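Just so you know, the sequences run in chain order P and S.
Using my numbering, read the first sequence as starting at 2 and increasing by one per residue.
Using my numbering, read the second sequence as starting at 2 and increasing by one per residue.
What follows is a single structure, written as structure tokens, with notes after it.
There are 2 protein chains.
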Amino acid sequence: MSKTLIFGHKSPDTDTICSALVYADLKNTLGVEAQPARLGEINKETQFVLDYFGVEAPAYIENVDEDVDNVVLVDHNEFQQSVDNIHDVRITEVIDHHKVSNFETREPLYFRAEPVGCTATILNRMHKENGAILSRENAGLLLSAIISDTLLLKSPTCTAADTEAAHELAEIAGVNLETYGLDMLKAGADLSENSALD
Amino acid sequence: MSKTLIFGHKSPDTDTICSALVYADLKNTLGVEAQPARLGEINKETQFVLDYFGVEAPAYIENVDEDVDNVVLVDHNEFQQSVDNIHDVRITEVIDHHKVSNFETREPLYFRAEPVGCTATILNRMHKENGAILSRENAGLLLSAIISDTLLLKSPTCTAADTEAAHELAEIAGVNLETYGLDMLKAGADLSENSALD
Ligand SMILES: [Mn+2]
Ligand SMILES: [Mn+2]
Ligand SMILES: [Mn+2]
Ligand SMILES: [Mn+2]
């Protein structure tokens with residue numbers, strides 16, 4: 002069976018980690034064996050999210066192993082932000098919301114970039130397109146990614162699609178968007194100096 | 002109202018011309034003013050298609066005018082294959098089935114590349130996604146593009162999605178896939194030397 006690895010950018014943020022986890026899950030649901038991975042340390046905000054929904058972080062990789070057949074990039078497309086041996090792998094898909102830059106492939110691929118505030122918003126759409134149901138945990142991960150990328154729907158990059166997805170996902174995840182969102186963003190704010198005083 | 006121009010590659014083929022025409026029509030149906038354009042001469046095969054379905058060729062452009070706000074690329078993404086002043090325009094969308102190469106933007110965009118045999122196959126999908134009905138003419142144009150790019154579903158680049166779309170579109174266009182397809186490919190074959198003998 003062919004092996005597919007899904008990962009986001011270096012210095013991973015919540016969108017990168019959650020999108021890799023949820024997309025790998027969707028692939029598996031659709032009968033394609035896929036594993037999520039990460040290219041760096043989990044930050045505090047993302048750790049809060051994973052703890053809250055009881056989900057394990059993807060495995061850390063330094064490089065893509067030779068036995069990996071297909072690579073799926075989420076939340077980035079620039080090679081500088083990707084794995085070190087990106088030039089040696091076969092990229093079969095990209096799901097992203099950034100401008101396209103310094104990207105190229107030898108073969109045709111599924112490249113899906115949409116001008117929205119978060120990769121998770123696209124993944125929410127892809128679940129609908131495929132008639133796939135989001136679990137409470139996965140809805141929570143996608144919601145967290147949107148909250149993170151749009152600063153609780155307040156950033157200039159936030160679109161109507163992100164706002165709509167966030168409300169939908171909060172319902173499935175069973176959380177209050179505002180309360181959960183603020184807790185999450187607070188967890189991400191660097192409070193290490195303060196904590197030292199506690 | 003913002004002006005959107007849609008065009009395929011230089012040395013236009015049937016997919017490039019038909020995809021520009023049909024996508025502009027879909028945009029207009031969806032309430033977005035859009036005009037198709039072409040970057041070169043219509044070839045014999047494409048002329049046969051346009052004559053058969055009674056559709057006018059898109060206007061020829063040498064460069065994108067300054068009053069154009071948005072540019073949509075179909076059937077290509079490499080800047081070398083595009084309009085000369087491609088670096089000065091705002092690309093808001095790409096719909097393509099080729100590898101990604103030498104492409105970049107300053108802003109996020111809707112970039113949709115799928116590993117299928119023809120742009121028209123993606124456009125057929127997009128009609129369904131948007132609940133838009135294809136006219137007989139537009140179905141004929143998309144069908145012709147698939148026949149052209151896949152050599153009547155026989156090329157190694159032809160996928161199951163292309164074959165399925167072609168059969169569907171032939172039905173809507175009211176033509177026999179094989180008969181029409183062969184006539185179309187024959188019209189495209191350079192018979193000028195033979196014709197001189199007729
Ligand atoms: Mn990110
Ligand atoms: Mn993101
Ligand atoms: Mn072409
Ligand atoms: Mn084509």
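Beta carbons: idealized from backbone N, C-alpha and C, even for Gly.
It should be emphasised that the depicted structure is a prediction, and the values quoted were computed from it without experimental measurement.
Neighbour-count burial assignment, residue i, 16 or more Cβ in a 10 Å radius
| i | result |
| --- | --- |
| S:G118 | buried |
| P:T17 | buried |
| P:P123 | Here the sequence assigns Ile to residue 123 of chain P, which means Pro is not the residue at that position. The residue is buried, with at least 16 neighbouring Cβ atoms inside 10 Å. |
| P:S12 | exposed |
| P:H98 | buried |
| P:I147 | buried |
| S:R180 | According to the sequence shown, residue 180 of chain S is Thr rather than Arg. Exposed, since its Cβ has fewer than 16 Cβ neighbours within 10 Å. |
| P:H88 | exposed |
| P:I7 | buried |
| P:S145 | buried |
| S:S83 | buried |
| S:S20 | buried |
| S:P157 | exposed |
| P:I134 | exposed |
| P:S149 | buried |
| S:D163 | buried |
| P:R39 | buried |
| S:A114 | buried |
| P:E94 | buried |
Simplified DSSP assignment, three categories, for residue i
| i | result |
| --- | --- |
| P:E94 | strand |
| P:V84 | coil |
| P:V75 | strand |
Entirely within the segment 2–44 of chain P and at least 4 residues each: give me those alpha helix (DSSP H) ranges in chain order. 15–30
Any chance you could list the alpha helix (DSSP H) runs of at least 4 consecutive residues sitting entirely within the segment 110–195 of chain P, in chain order? 120–130, 137–151, 161–174, 178–189
Can you tell me which residues fall inside 6 Å of ligand 4, judged by beta-carbon distance to its nearest heavy atom, and keep chain order? S:D16, S:D76, S:H98, S:C119, S:T120, S:D150
Tell me which residues of the segment 136–157 of chain S have at least one Cβ-Cβ distance to chain P shorter than 8 Å, keeping chain order. none
If the cut-off is 8 Å on Cβ atoms, which residues from the segment 61–77 of chain S count as contacting chain P, listed in chain order? none
Using a Cβ-Cβ cutoff of 9 Å, what residues of the segment 98–124 of chain S are near chain P? List them in chain order. H98, H99, K100, V101, S102, N103, F104, E105, T106, R107, E108, P109, L110, Y111, F112, R113, A114, E115, P116, V117
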